[in-house]
Amino acid sequence: MKKAFLLEEHLRALRLPSMLEHYGRLAEGDTEKVKYLGDLSALEVDKRQEKRIHTRITTAKFPVLKTLESFDFQVQTSLSKSTMLKYTDGEFIRKRENLIFLGPTGVGKTHLLTALGLSACESGYRVVFTTAAEMCLSLITAQKEGQLKQKSAYYQRCDLLLIDELGYVPFAREASDLLFGVISKRYERASIAITTNLAFTDWTQIFPDAMAASAAIDRLVHHGHVIEMSGESYRLRSRQEGRKRQASKATP
Ligand code: ADP
Ligand code: MG
1 MKKAFLLEEH
11 LRALRLPSML
21 EHYGRLAEGD
31 TEKVKYLGDL
41 SALEVDKRQE
51 KRIHTRITTA
61 KFPVLKTLES
71 FDFQVQTSLS
81 KSTMLKYTDG
91 EFIRKRENLI
101 FLGPTGVGKT
111 HLLTALGLSA
121 CESGYRVVFT
131 TAAEMCLSLI
141 TAQKEGQLKQ
151 KSAYYQRCDL
161 LLIDELGYVP
171 FAREASDLLF
181 GVISKRYERA
191 SIAITTNLAF
201 TDWTQIFPDA
211 MAASAAIDRL
221 VHHGHVIEMS
231 GESYRLRSRQ
241 EGRKRQASKA
251 TP
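Going left to right, the sequence shown walks through residues 1 to 252 as this note's numbering numbers them.
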């Protein structure tokens with residue numbers, strides 16, 4: 001009975017209404033036939049789901065794929081694994097909230113941003129990954145080519161927009177206005193997750209004036225969670241540990 005119910009769920013998901021209507025009659029009470037069809041349809045549902053996830057990951061354009069499993073929380077002690085896991089259930093996306101990863105370079109901000117994006121793809125959300133500089137450049141180029149509407153739509157239609165590295169390059173007025181346009185259009189409509197190396201008080205360094213900076217902060221932080229990270233650079237640490245290993249090998 002339970003098997004037949006699952007089969008019917010699958011046939012509905014696969015949009016096979018005629019099979020759904022007639023499988024029972026054609027099985028003529030043979031439970032083996034129903035089981036066989038159930039197994040086949042389950043395979044098809046799984047395969048299609050796998051494909052959908054793969055497509056979502058490809059269209060998100062992650063620079064590299066990083067996962068929460070490969071993140072060492074013993075090294076990054078300013079953040080607990082349970083805090084991060086809280087954001088993998090997609091609740092913040094459903095609530096249209098934002099996330100802001102704030103911390104110095106090399107502490108794992110991009111790693112976590114990517115990992116969150118990946119788990120959002122797996123949960124069925126449309127995700128786009130970009131850097132702040134890349135997004136501004138592509139919007140400026142689109143504006144020059146009369147394609148701004150289409151390009152803006154690209155940054156609007158995903159459920160989660162990941163903007164990496166806000167703060168590395170200061171924005172000219174034009175770029176700042178375009179960036180603000182994206183942030184304000186998504187405000188209370190869809191989530192943004194960003195990484196930045198700059199404390200909010202220093203955002204005046206990247207925006208052309210204090211008004212522009214505070215307008216952006218306002219929209220990101222209202223309904224937003226700030227995840228502060230600290231510590232030394234993981235890259236530097238790995239290099240230093242490598243050197244130490246080399247040195248201890250060389251000592252007889
Ligand atoms: P940030 O964006 O803060 O500058 P990244 O996320 O680019 O830092 O991290 C730099 C490198 O170190 C990446 O290859 C990342 O995967 C790795 N890394 C950083 N922190 C950790 C960690 N706690 N566990 C595992 N790998 C880490
Ligand atoms: Mg980074």
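In this text, a Cβ means the ideal position worked out from N, Cα and C, and glycines have one as well. Since the structure is predicted, the reported quantities are computational estimates derived from the model, not experimental observations.
Taking its Cβ as the centre, do 16 or more other Cβ atoms sit within 10 Å of residue i, making it buried, or is it exposed?
i    : result
Q272 : With the chain running from 1 to 252 in the structure shown, residue 272 is simply not present.
R243 : exposed
H222 : exposed
Find the nearest neighbour of residue i within the set the options, judged by alpha-carbon distance.
i    : options                   : result
N197 : L26, V169 and R245        : V169
A132 : Q143, T195 and T83        : T195
T114 : G103, V128, Y234 and A42  : V128
N98  : K151, T67 and G117        : G117
E232 : L37, I192, Q143 and V107  : V107
T83  : E228, I57, R157 and L11   : E228
G167 : A120, T201 and A153       : T201
S138 : E122, G103 and L178       : L178
M135 : G146, K151 and Y125       : K151
L236 : P63, S176, E165 and T105  : T105
A215 : A190, E241, H225 and K185 : K185
I53  : E122, Q147 and K249       : E122
D89  : T55, Y125, Q76 and L162   : Y125
Tell me whether residue i sits in a helix, a strand or coil according to DSSP, three-state version.
i    : result
V75  : coil
D30  : coil
E165 : strand
L99  : strand
L160 : strand
R186 : helix
F180 : helix
F171 : coil
S233 : coil
Which stretch, first to last residue, makes up the beta strand (DSSP E) that contains residue i?
i    : result
T196 : S191 to T196
T130 : V127 to T131
G224 : G224 to E228
What are the boundary residues of the alpha helix (DSSP H) that residue i is part of?
i    : result
D202 : Run containing D202: none; DSSP gives neither H nor E here.
L112 : K109 to E122
F92  : E91 to R94
T83  : K81 to K86
- Task: Let me have the residue list for the ligand MG: C-beta closer than 6 Å to any non-hydrogen atom, ordered along the chain.
- Result: K109, T110, D164, E165 and T195
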